[in-house]
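For reference, the structure discussed in these notes is given below.
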Amino acid sequence: MNKLTLVRDLMTSPVATCKRDTPIPQVARQMRDLDISALIVVDDAGWLEGLISRTDLATLRAHEEYWHSLRAEHVMIQNVVWVTPTTPLSEAIELMLTRKIHRVVVVENLQGHLKPIGILSLTDVVRDMAE
57 MNKLTLVRDL
67 MTSPVATCKR
77 DTPIPQVARQ
87 MRDLDISALI
97 VVDDAGWLEG
107 LISRTDLATL
117 RAHEEYWHSL
127 RAEHVMIQNV
137 VWVTPTTPLS
147 EAIELMLTRK
157 IHRVVVVENL
167 QGHLKPIGIL
177 SLTDVVRDMA
187 E
């Protein structure tokens, strides 16, 4: 009998984060140094506020005149798609494909406050298929 694969079985944890006021050049350096494709934006208490992807940064690069002075809050996606660790993997994949996104943030939902604890990307799914 096959066991149901859950998001927690494939998610990457811990998550890389930044704050709203992090300058965009610092966001880019952090992504480069960690070799990751997204950063989760959190507040001082660690609650989820947004997400910035490499695609968001690449879009900014076309605007040479002003991207250097922007901060994470100017670029982040605020309506982040999230799942819990116990979400079935098949549901998370369907969500990503339907929404045409490359990743979902994995959270603990603590009375309406979302604490990011992991991230699941399509890369994680494909990597698992190759094992």
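The opening residue of the sequence shown carries number 57 in my numbering; numbering runs sequentially from there.
Every residue gets a Cβ at the ideal spot worked out from N, C-alpha and C, and that includes glycine.
Just so you know, these numbers come straight off a predicted model, no measurement behind them.
| query | result |
| --- | --- |
| Return helix, strand or coil for Met57, following the three-state DSSP convention. | Residue placement at Met57 is flagged as unreliable, the pLDDT there being 40, under the threshold of 50; a coordinate-derived value is accordingly withheld. |
| With DSSP as the reference, label Ser125 as helix, strand or coil. | helix |
| Quick one: what's got a C-beta closer than 6 Å to Ala72's C-beta in the same chain, skipping five residues either side? | Leu90, Ile92 and Leu95 |
| Quick one: using the 10 Å Cβ neighbour count with 16 as the cut-off for buried, is Met57 buried or exposed? | The predicted model places Met57 with a pLDDT of 40, which falls under 50 and marks its position as unreliable, so this point remains unresolved. |
| In this structure, does DSSP put His130 in helix, strand or coil? | helix |
| Where Ala186 and Ser177 are concerned, what is the direct C-alpha to C-alpha distance, given to the nearest angstrom? | 15 Å |
| Could you round the C-beta distance between Met132 and Gly106 to whole angstroms and report it? I think they count as a contact, below 8 Å. | 3 Å |
| To which residues of the same chain is Trp103 closer than 8 Å at the C-beta, ignoring the five residues directly before and after it? | His169, Leu170 and Lys171 |
| Sort Ala101, Ala128, Asp100 and Asp99 by Cα distance to Leu113 and report the nearest one. | Ala128 |
| For Leu145, is the classification buried or exposed, using 16 other Cβ atoms within 10 angstroms of its Cβ as the cut-off for buried? | buried |
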